[in-house]
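In case it helps, my numbering puts the sequence shown at residues 2 to 200.
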Amino acid sequence: MKARIIFATGNEGKMREIRDILGDMEAELLSMKEAGIQADIEENGKTFEENAVIKAKAVAAMTDAVVLADDSGLEIDYLNKEPGIYSARYLGEDTPYTVKNQNLIDRLAGVPDAQRTARFVCAIAAVFPDGEVVTTHGTIEGRIGYEEKGSNGFGYDPIFYVPEYGCSTAQLSEEQKNRISHRGRALEAMKAELKKRIV
């Protein structure tokens, strides 16, 4: 029987990335919605790791499957690492990312390239049926652009410029993005951990 892995998210864009990277595993990959789980989880951790563990444990209490959860966000050095762990809730949870992105661009008005450094951070937590908790971490360094560019990504992707590729993460192909992104790196590390535990 295939192992079941439930990823604690309702974000379709995120599930697409997850399936691209974990799809070759001998496991059934489900979102919370697909697994029929509804949970309103308060993410009150102080770090990305803490929030990921809180989410994974909350969902794990409702199922006997392996549960994965991630917490990720954007850290802008010039803005004291804002929006950080509040990235999803920045300016309000239901505020469109076009508004959030424009706000960050406006706050960096007149700031030169060298001081626009930023990174995407992703922590993933896995909770196994026996209660074991494992976390992995991934980052991608870049800087904040001057306008939104590209339509391949979601969230803050259109303003996150990757110098070595000369474009934003929303201008990368899915394949390129999965290879270098913070979530891609954290998922690859998690895949190695899962393979040790799931036959």
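Yeah, the Cβ is synthetic: ideal placement off N, Cα and C, and Gly gets one too. Note that this is a predicted model, so its numbers are computed, not measured.
* Asked: What's the C-alpha gap between N102 and Y162?
  -> A direct Cα-to-Cα measurement between N102 and Y162 gives close to 13 Å.
* Asked: Quick one: is G167 near chain B, going by C-beta distance under 8 Å?
  -> No chain B is part of this structure, which consists of one protein chain only.
* To do: Output the distance between the C-alpha atoms of A9 and D71, rounded to the nearest integer angstrom.
  => Between A9 and D71, the C-alpha separation is close to 8 Å.
* Asked: Thinking C-alpha only, which one of N153, V128, H138 and C168 is nearest G146?
  -> When C-alpha distances from G146 are compared across N153, V128, H138 and C168, the shortest belongs to C168.
* Asked: Can you name the residues that DSSP bridges to S32?
  -> Here S32 is bridged, per DSSP, to F8.
* Asked: Assuming V128 and K58 make a contact with CB atoms under 8 Å, what is their CB distance in whole Å?
  -> Confirmed, Cβ separation roughly 6 Å.
* Ignore the nearest five residues each way along the sequence and tell me which others in T136's own chain have a CB closer than 8 Å to its CB. => Same-chain partners within the cutoff: E50, A53, V54, A124, I125, A126 and A127.
* To do: Counting only the same chain and skipping the five closest in sequence on each side, list residues whose C-beta sits under 8 Å from that of R120.
  => Shown here for R120: same chain residues with a beta carbon closer than 8 Å to its own, the five before and five after excluded, namely L75, E76, T140, I141, E142, G143 and H183 in chain order.
* Asked: Considering E76, what are the terminal residues of the beta strand (DSSP E) in which it resides?
  -> That run of the beta strand (DSSP E) goes V67 to I77.
* Asked: Any idea which residues DSSP pairs T64 with across the strands?
  -> Its beta-bridge partners do not exist; DSSP assigns none.
* Asked: If we call anything under 8 Å between Cβ atoms a contact, is A40 one with T64?
  -> No, they are not a contact pair.
* DSSP state of V54, grouped into three classes? -> In the displayed model, V54 falls within a helix according to three-state DSSP.
* Cβ-based burial, Q172 [other Cβ within 10 Å; buried from 16] -> Counting Cβ neighbours within 10 Å, Q172 comes out buried, since at least 16 surround it.
* To do: Tell me, please, which residues DSSP counts as bridged to P164.
  => Paired residues: none, contrary to the question.
* **Cβ neighbours of G151 in the same chain (closer than 8 Å, five flanking residues each side left out)** => So the qualifying residues of the chain are D158, P159, C168, S169, T170, A171, Q172 and L173.
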